[in-house]
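The sequence shown begins at 2 in my numbering and counts up by one. For glycine and all other residues, C-beta sits at the position ideal for the given N, C-alpha and C. Down below is the structure, laid out as structure tokens.
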Amino acid sequence: MAQVTAQVWKLLWGEETPPPGCGLPEVLRITSFSHASRRRWSRTFSWGVKSHARMGDVVEDEVQFYTKAERYWQEVPPTVDGMLGGYGSISTIDINSSKKFLKRFLGEGQGKTGTSCALDCGAGIGRITKRLLLPLFRAVDMVDVTPEFLEKARAYLGEEGKRVDNYYCCGLQDFQPQPGRYDVIWIQWVIGHLTDEHLVGFLRRCRGGLRPGGLIVVKDNVAHEGVILDEVDSSVCRDLPTLRGLIQRAGLQVLREERQENFPKDIYPVQTLALR
2 MAQVTAQVWK
12 LLWGEETPPP
22 GCGLPEVLRI
32 TSFSHASRRR
42 WSRTFSWGVK
52 SHARMGDVVE
62 DEVQFYTKAE
72 RYWQEVPPTV
82 DGMLGGYGSI
92 STIDINSSKK
102 FLKRFLGEGQ
112 GKTGTSCALD
122 CGAGIGRITK
132 RLLLPLFRAV
142 DMVDVTPEFL
152 EKARAYLGEE
162 GKRVDNYYCC
172 GLQDFQPQPG
182 RYDVIWIQWV
192 IGHLTDEHLV
202 GFLRRCRGGL
212 RPGGLIVVKD
222 NVAHEGVILD
232 EVDSSVCRDL
242 PTLRGLIQRA
252 GLQVLREERQ
262 ENFPKDIYPV
272 QTLALR
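Take a look at the structure:
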């Protein structure tokens, strides 16, 4: 409660304490609901609204869940700011942290991860491909559900884009990585667009797509508790116990996990997990 001042309570409720039943919200900031693209990033005041224990409690129509998400992203501008929901300013911090995290695993010798080929999942216009993966790997494949993003990527990546071998336009729930092709499969800010069953299935297929010593990295928002649905972009935010349970179901182990630092206080916590 310390992070929410009496002045804020008074502004919202006309008194210095919240009404009965309104405990500390998942989030500590009021955001403008007119900026829909920021909603999946921002933690908003949500008194009286509880997170759900299971994905099935929030997603009733699977087809609508995916269709609505595709329509949402078709309206997002193909820019770095668009890819980051209006938080383009965090891109450099994000990339630098990811690079530091990933480099711990790369190298030669037993247990190390090679640098031949990486897969960028939910790649968008190629922000991660350009700034993280191409500098570290000889070749990269990209997969995204929005064709306009992949088309923009060819120009955005510039000369280095020649080292992108494949541009796959496909939802991850249907995507089949090539067996034994990838040293690293990078999955960032996209697992919320998959149902639990599809996420488990996708992670299993990714496991089959790894080379010896290969690594899957998941980097995404995490909820404080349960599963939270964003009805605007049709995605969910899971808490860490839920995510770890799905990873275990996929037959993978968490080698290392790390909380992202130096992000704005008003967005969800972000966790990076290395899996094998």
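What residue range is occupied by the uninterrupted beta strand (DSSP E) comprising residue i?
{"i": "residue 258", "result": "255–260"}
{"i": "residue 273", "result": "271–276"}
{"i": "residue 216", "result": "211–222"}
{"i": "residue 120", "result": "118–122"}
Report all residues from its chain with a CB closer than 6 Å to the CB of residue i; omit the five preceding and five following residues, and keep chain order.
{"i": "residue 128", "result": "81, 84"}
{"i": "residue 94", "result": "263"}
{"i": "residue 289", "result": "Outside the displayed span of the chain (2 to 277) sits residue 289, for which this structure offers no information."}
{"i": "residue 218", "result": "187, 275"}
{"i": "residue 109", "result": "none"}
Let me know the secondary structure DSSP gives residue i once reduced to three states.
{"i": "residue 263", "result": "coil"}
{"i": "residue 113", "result": "coil"}
{"i": "residue 230", "result": "strand"}
{"i": "residue 74", "result": "helix"}
{"i": "residue 177", "result": "coil"}
{"i": "residue 137", "result": "coil"}
{"i": "residue 268", "result": "strand"}
{"i": "residue 200", "result": "helix"}
{"i": "residue 186", "result": "strand"}
{"i": "residue 88", "result": "coil"}
{"i": "residue 171", "result": "coil"}
{"i": "residue 59", "result": "coil"}
Quick check: the Cα distance between residue i and residue j, rounded to an integer number of angstroms?
{"i": "residue 257", "j": "residue 189", "result": "16 Å"}
{"i": "residue 168", "j": "residue 143", "result": "5 Å"}
{"i": "residue 64", "j": "residue 211", "result": "29 Å"}
{"i": "residue 1", "j": "residue 69", "result": "Because residue 1 is not part of the residues shown, which for the chain are 2 to 277, the question remains open."}
{"i": "residue 140", "j": "residue 154", "result": "15 Å"}
{"i": "residue 74", "j": "residue 247", "result": "25 Å"}
{"i": "residue 66", "j": "residue 133", "result": "30 Å"}
{"i": "residue 170", "j": "residue 269", "result": "28 Å"}
Starting from residue i and walking both ways along the alpha helix (DSSP H), at which residues does that stretch end?
{"i": "residue 92", "result": "92–104"}
{"i": "residue 154", "result": "148–157"}
{"i": "residue 245", "result": "241–250"}
What does a CB cutoff of less than 7 Å around residue i pick up in its chain, not counting 5 residues either side in sequence?
{"i": "residue 195", "result": "173, 174, 203"}
Say the cut is 7 Å; is the CB of residue i nearer than that to a heavy atom of the ligand FMN?
{"i": "residue 90", "result": "The ligand content of the structure shown is nil, which means the ligand FMN is not present either."}
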